[in-house]
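> What follows is a single structure, and I will ask about it in a moment.
Chains as they are written, first to last, in our numbering: chain A, 2 to 156; chain B, 8 to 113.
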């Protein structure tokens with residue numbers, strides 16, 4: 002009886018994770034694609050030294066970050082995958098989303114400052130130890146860079 | 008005070024190099040919000056309370072770094088880097104470090 006109850010709880014969690022996680026991921030990707038189109042004019046590069054044409058620009062540190070959580074279905078799917086090895090696509094899409102979201106937030110911040118170029122972009126990923134020992138938990142992605150603001154742009 | 012993560016500042020010249028400055032902070036979220044995060048681990052999605060927490064802490068780390076740079080007479084911190092590490096369950100350390108310099112218009 003008890004084992005049956007445990008199985009029930011497990012399956013409910015799995016179903017919740019699958020339904021809500023899938024929906025959240027689809028919605029998030031839609032919004033990412035849309036905002037990426039809007040922000041395409043803000044150029045983000047990893048160049049360390051600004052090009053000579055930017056010599057008269059002001060500069061400002063910008064950053065974007067996001068903490069994103071796994072859903073239960075992904076945890077189970079990744080657990081099964083790690084038995085046989087190989088690419089864990091469930092986590093790949095999660096981190097891809099987080100990284101693109103963080104980048105978008107940084108671009109949005111640069112846009113409010115009137116900047117059109119961000120150089121020396123660095124990414125950093127860390128784990129927020131929400132549920133230690135259980136799968137991936139939550140991941141934080143931070144992206145930061147230097148926005149070059151044309152003189153006359155807003156602060 | 009200018010804070011930047013580039014090494015060469017457009018239109019400025021480094022006149023004095025004052026060494027490494029850093030600021031760090033360790034923060035934890037209170038249990039209620041941590042519980043909510045636990046639920047989110049089932050459904051998936053963004054943990055905006057954690058995003059805010061980490062942004063606040065990062066600002067705090069930058070402020071501490073800036074204060075240190077000011078105290079040694081710098082007017083800019085360049086080549087700033089961030090590091091984050093989870094040191095205990097529910098707590099993370101945010102570190103910001105960079106090079107304190109004095110800049111002059113070229």
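Quick reminder that beta carbons are idealized off the backbone N, C-alpha and C, glycines included.
(1) Can you tell me whether DSSP reads residue 49(A) as helix, strand or coil?
(2) Have a look at residue 27(B) and residue 103(B) and give me their C-alpha separation to the nearest angstrom.
(3) What residues in its chain sit with their C-beta under 7 Å from that of residue 120(A), if we drop five residues either side in the sequence?
(4) For residue 89(A), which residues in the same chain have their Cβ closer than 6 Å to its Cβ, ignoring the five residues on either side in sequence?
(5) Can you list, in chain order, the residues of its chain with a C-beta nearer than 8 Å to that of residue 67(A)? Leave out the 5 residues immediately preceding and following it.
(6) Exposed or buried, residue 5(A), counting other C-beta atoms within 10 Å across all chains shown (16 or more means buried)?
(7) Residues in the region 46-65 of chain A with C-beta within 8 Å of chain B's C-beta atoms, listed in sequence order?
(8) Could you tell me the boundaries of the beta strand (DSSP E) in which residue 111(B) lies?
(9) Determine the extent of the beta strand (DSSP E) in which residue 74(A) is found, giving its start and end residues.
(10) Tell me which residues share the same chain as residue 92(B) and place their Cβ nearer than 7 Å to its Cβ, disregarding the 5 neighbours each side in the sequence.
(11) Give me the subset of the region 71-83 of chain A whose CB atoms are less than 9 Å from a CB atom of chain B, sorted by chain position.
(12) Measure the Cβ-Cβ separation of residue 18(A) and residue 97(A) and say whether it is below 8 Å.
(13) Within 10 Å of its beta-carbon, does residue 8(A) have 16 or more other beta-carbons around it, so buried, or fewer, so exposed?
(14) Hey, is residue 118(A)'s beta-carbon within less than 8 Å of any beta-carbon in chain B?
(15) Just to confirm before moving on: does the CB-CB distance between residue 127(A) and residue 44(B) stay below 8 Å?
(16) Please return the same chain residues whose Cβ sits closer than 6 Å to the Cβ of residue 144(A), not counting the five positions on each side in sequence.
(17) Taking residue 29(B) as the reference, which of 18(B), 55(B) and 66(B) has the closest Cα?
(18) Only counting the same chain, and skipping five residues up and downstream in sequence, which positions put a Cβ closer than 8 Å to that of residue 109(B)?
(19) Determine the DSSP secondary structure at residue 133(A), reduced to helix, strand or coil.
(20) Residue 8(B) and residue 58(B) - do their beta-carbons sit closer together than 8 Å?
(21) Looking at the structure shown, is residue 8(B) part of a helix, part of a strand, or coil, going by DSSP?
Put simply:
(1) Position 48 of the first chain, counted from the start, is the residue given in the question as residue 49(A). Coil, per DSSP.
(2) Position 20 of the second chain, counted from the first residue, corresponds to residue 27(B). Position 96 of the second chain, counted from the first residue, corresponds to residue 103(B). Going from the Cα of residue 27(B) to the Cα of residue 103(B) covers about 11 Å.
(3) Working through the first chain from its first residue, we reach residue 120(A) at position 119. Hits under 7 Å: 46, 48, 51, 146, 147 and 149.
(4) Residue 89(A) sits at position 88 when you count from the first residue of the first chain. 79 and 82.
(5) Position 66 of the first chain, counting from 1, holds the residue named residue 67(A). 99, 102, 103, 106, 141 and 142, listed in sequence order.
(6) On the first chain, residue 5(A) is found 4 positions in, with the first residue counted as 1. It counts as exposed.
(7) Per Cβ criterion, the list reads 49, 50, 51, 55, 56, 57, 58, 60, 61, 62 and 64.
(8) To locate residue 111(B), count along the second chain from 1; it is residue 104. First-last of the beta strand (DSSP E) with residue 111(B): 98-112.
(9) Your numbering for residue 74(A) matches position 73 in the first chain. Run containing residue 74(A): none in the beta strand (DSSP E); it sits in the alpha helix (DSSP H), 73-85.
(10) Within the second chain, the letter at position 85 stands for residue 92(B). Answer for residue 92(B): 99 and 100, listed in chain order.
(11) 71, 72, 73, 74, 75 and 76
(12) Residue numbering aside, residue 18(A) sits at position 17 when the first chain is read from its first letter. Residue numbering aside, residue 97(A) sits at position 96 when the first chain is read from its first letter. No. Outside cutoff.
(13) To locate residue 8(A), count along the first chain from 1; it is residue 7. It counts as exposed.
(14) Indexing the first chain from 1 puts residue 118(A) at position 117. Chain B contact via Cβ: absent.
(15) Counting from one through the first chain, the residue named residue 127(A) turns up at place 126. Counting from one through the second chain, the residue named residue 44(B) turns up at place 37. No.
(16) Numbered from its first residue, the first chain carries residue 144(A) at position 143. Only 65, 103, 104, 107 and 124 meet the Cβ criterion.
(17) Walking along the second chain from the start, residue 29(B) turns up at place 22. Taking only the C-alpha atoms, the option nearest residue 29(B) is 66(B).
(18) For the purposes of this step, residue 109(B) is taken as the residue at position 102 of the second chain. Closer than 8 Å at the Cβ level, and outside the excluded window around residue 109(B), lie 21, 22, 23, 25, 80, 81, 82 and 83.
(19) In the first chain, counting from the first residue as 1, residue 133(A) sits at position 132. Only weak support exists for where residue 133(A) lies, its pLDDT of 48 falling under 50; the coordinates are left without a value.
(20) Indexing the second chain from 1 puts residue 58(B) at position 51. Indexing the second chain from 1 puts residue 8(B) at position 1. Contact: no.
(21) The sequence position of residue 8(B) within the second chain is 1, counting from 1. Residue 8(B): coil per DSSP, three-state reduction.
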